[in-house]
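Residue numbers (my numbering): 24 to 101. Cβ atoms here follow ideal geometry from the backbone N, Cα and C, with glycine treated the same way. Predicted, not measured: the structure shown is a model, and the values here were computed from it. These notes are about the structure you will find just below.
Next up, the structure:
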């Protein structure tokens with residue numbers, strides 16, 4: 024039985040990163056001008072992200088933050 028051995032090492036390293044990103048799908052993003060955003064932190068659960076965002080709002084009340092689900096990590100699997 025033949026095996027496809029092309030790019031085997033590359034797949035292993037990218038699969039590890041992809042799996043890690045899938046674990047931390049909830050993100051806090053800082054809203055920037057021109058409809059841009061900057062991801063501040065990643066979390067495994069929505070409640071962890073909400074708690075961290077409350078603290079960020081206390082520290083930086085002039086900035087706008089939003090909690091969102093980052094589905095780009097799932098799209099990279101296809």
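Distance, residue j Cα to residue i Cα
{"i": "residue 53", "j": "residue 75", "result": "13 Å"}
{"i": "residue 68", "j": "residue 50", "result": "9 Å"}
{"i": "residue 55", "j": "residue 78", "result": "19 Å"}
{"i": "residue 62", "j": "residue 84", "result": "17 Å"}
{"i": "residue 90", "j": "residue 57", "result": "19 Å"}
{"i": "residue 47", "j": "residue 88", "result": "18 Å"}
{"i": "residue 86", "j": "residue 72", "result": "16 Å"}
Per-residue DSSP class, three states only, for residue i
{"i": "residue 67", "result": "coil"}
{"i": "residue 26", "result": "Confidence in residue 26 is poor, its pLDDT being 49 and thus under 50, which makes the residue's placement unreliable; the coordinate value appears in the next sentence. In this structure, residue 26 counts as coil in the three-state DSSP scheme."}
{"i": "residue 73", "result": "helix"}
Paired residues, beta bridge with residue i - DSSP
{"i": "residue 54", "result": "60"}
{"i": "residue 91", "result": "50"}
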